[in-house]
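In my numbering, the protein residues as written are -5 to 743.
By construction, the Cβ of each residue, glycine as well, lies at the ideal position given by its N, Cα and C atoms.
Structure, as structure tokens:
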């Protein structure tokens, strides 16, 4: 299958760039790998010319471990590659004129710390950091997560700009955006809500993740169809040389992992599966009982053939349960996805290229006894090609993505527009181009332009700009900014009146109207005092347009309509990190404000017909403070996570009434049915939230090739009674989970 796909690649590639027949300079391309054949992402590569002390080129490896140096004259060059956890690598290369050289580098593991490298030369900075948090998979385990393996969901909740409403539901909000405005990509495959119902886990455990980029805003034009944020997950390829297997168990999760080479040095297979144990152990676990089950399965075939790196990826997730134990309603959602991706860098090609295709299917539903099931699904298919060319002495990156989306939904007894169902298919072409220009030794800008073209919406225009300044000529201190316009053709609508449900209707944006969009503006200041001590502060402001929201009604439990809102979100994120053995200490603080207002008419009405023209939504978190501490001693690692947050907005109960069903009920004999009435939306705040999680773990080498691990820990150590939500319809206050201890065991071969 990969061979046939490679043939398609070459045909498509000819449409983008010609085969090189002559050139005036040389190119050095490097692939940086670990000993198992996996790419090293984010390695620093320095290029020296003819034995000079001052290097002439600097690069950082991408998700394929790739970096290249262009416009080199004939002569001798030395490269120096460094990355945390590996020994520095040095090698010399002799380049002839008009040559494209491709070399592979394998780094060896290192015990100890790297000397600090200060980058001061031209081109020694990246504009890709403002608004972006890059996380290596092995960093997940810094956060206690009810198991030996770290998980993306536990880690991402410690970032200042990320908000979750309670400890269940699988929804995350990033800098004012909604869950439907988060674009999650796995090998370019779009997924919807790959986060589990418990809020403890996602579909991405530490063992299968190479790195994750959380783009809270201001991202470049390569990422289209998201008005708020992007979470890009790069999976590990399986080991190309050695087979291994691992398994772990805790009261919350059982996991199994296998990786093996299929053709040594060329291809491999990786499979990871997990399923929840919450229902099995709920009788012996303290705190309120949960009715929740979930699973995830990831499989990945990887191939490195010559100068072509390809992978085939499959993902399946499933969740089912309740977030309100007092209701009969069952929430469920699934993800099914598969895709192919190839990255080519053959020396017959002037520029490397990337091509990918895939399909994903997301379904979520809500059902209860005595009512019709509400469901929504979105199926997406894509074909994408990215490449580059020379443009005004700079590199121009560009690409095209063909995107198909089918939406189906039915939501009786909830949303009026969907009572007769929904079945719509949309097709869209996405185009982008961006470049990086170095205006001086210490100033670099990255302008970009993108468009999304569809028969239903016409064409959008999305200019974006990123800029980096090194005021003192060194990466130790940087000032960066990002601004741009972002649109999205997929809406996600929830019932704002119902705090006990996360059911979401997905639909295409209204045809003939302006696509939902947002202006992003970010300013970042970063300072690195030493290789182990760094800090940064980001100021952000977003202006949102045409956000679809459910109209407010004074009475609970009745059908509602959809309205369009405008929104503003602004604030700051402050991060401080100390990373020097045996300590790792992180502290983060976030301040933000989110407000919705009516775009044209109103956002609903209150008692007496008074119009609702604006409010602060449920994810308007004003203050958030997080601390993570790791300490290693005598083979053990102790971990601590402490969260403190201000109270989230909620809606008060205005009153209740008894309503008779006429003529079926008699006012003399029948009391009538009780109905609750809302106050104006989100006028009060819940009490402040705080929680402490701890863990202690160690791995034991039982024999050669066999490792045993154990971890003991607890979520919410001091059993703080944090309020999850106030259920107006059931007259209940639902608390989040209390003290949750765990013991996790693992074995690895």
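Residue 600 is bridged by DSSP to nothing; it lacks a bridge partner. Separation of the CB atoms of residue 404 and residue 393 is rounded to 36 Å, and the pair is thereby denied contact status at 8 Å. Judged by DSSP in its simplified three-state form, residue 643 adopts strand.
Residue 483 is positioned such that its CB atom lies closer than 8 Å to that of residue 503.
DSSP lists 669 as the bridge partner or partners of residue 651. Per DSSP, residue 275 is not a residue of any beta strand (DSSP E); the alpha helix (DSSP H) it occupies stretches across 272 to 275. Partner residues in the beta bridge of residue 457, as assigned by DSSP, are 443. DSSP lists 438 as the beta-bridge partner residues of residue 432.
Secondary structure at residue 149: helix, using DSSP grouped into helix, strand and coil. Around the beta-carbon of residue 530, 16 or more other beta-carbon atoms lie within 10 Å, marking it buried. Contact annotation: residue 299 and residue 260 have beta-carbon atoms nearer than 8 Å. Annotated three-state conformation of residue 132 is helix, per DSSP. Its chain contains 20, 89, 90 and 91 as the residues whose beta carbon lies nearer than 7 Å to that of residue 68, once the 5 sequence neighbours on both sides are disregarded; these appear in chain order. By the Cβ criterion, the segment 131 to 140 is not in contact with the segment 58 to 66, since fewer than three pairs of Cβ atoms, one from each stretch, lie closer than 8 Å. When only Cα atoms are considered, residue 199 and residue 162 end up about 18 Å apart. Residue 682: not part of any beta strand (DSSP E); DSSP gives it neither H nor E. In the structure shown, the three-state DSSP call for residue 124 is coil. Per DSSP, the continuous beta strand (DSSP E) segment holding residue 562 begins and ends at 556 to 574.
Inter-residue distance for residue 442 and residue 431 is about 11 Å (C-alpha atoms, whole angstroms). When beta bridges are read from the DSSP output, residue 345 appears opposite no residue. Closest by C-alpha distance to residue 614, out of 451, 589, 593 and 214, is 589. Ranking 142, 229 and 156 by CA distance to the CA of residue 33 puts 229 first. Collapsing the DSSP output to three states places residue 711 in coil. For residue 546, no beta strand (DSSP E) encloses it, and the DSSP letter there is neither H nor E.
Residue burial is scored here from C-beta neighbours: residue 705 has at least 16 other C-beta atoms within 10 angstroms and is therefore classed as buried. CA-to-CA, the gap between residue 354 and residue 147 works out to about 21 Å. Nearest Cα to residue 462 within the set 478, 456, 370 and 436: 436. Rounded to whole angstroms, the gap between the alpha carbons of residue 270 and residue 616 is 33 Å.
Across the set 525, 669, 644 and 738, the C-alpha of 644 shows the shortest separation from the C-alpha of residue 677. Cβ neighbours of residue 742 within its own chain (closer than 6 Å, five residues either side excluded): 240 and 701. Counting along the chain, residue 28 sits inside no beta strand (DSSP E), nor does DSSP assign it H or E at all. Separation of residue 187 and residue 221 (C-alpha to C-alpha, rounded to the nearest whole angstrom) is 16 Å. Residue 174 has its alpha-carbon roughly 17 Å from the corresponding atom of residue 360. For secondary structure counted as the beta strand (DSSP E) over 3 or more consecutive residues, the segment 35 to 104 holds these complete runs in sequence order: 38 to 43, 51 to 54, 60 to 66, 69 to 76, 83 to 89 and 94 to 100. For the options 397, 425 and 331, the alpha carbon positioned closest to that of residue 391 is the one of 425.
Rounded to the nearest whole angstrom, the C-alpha separation of residue 464 and residue 470 is 8 Å.
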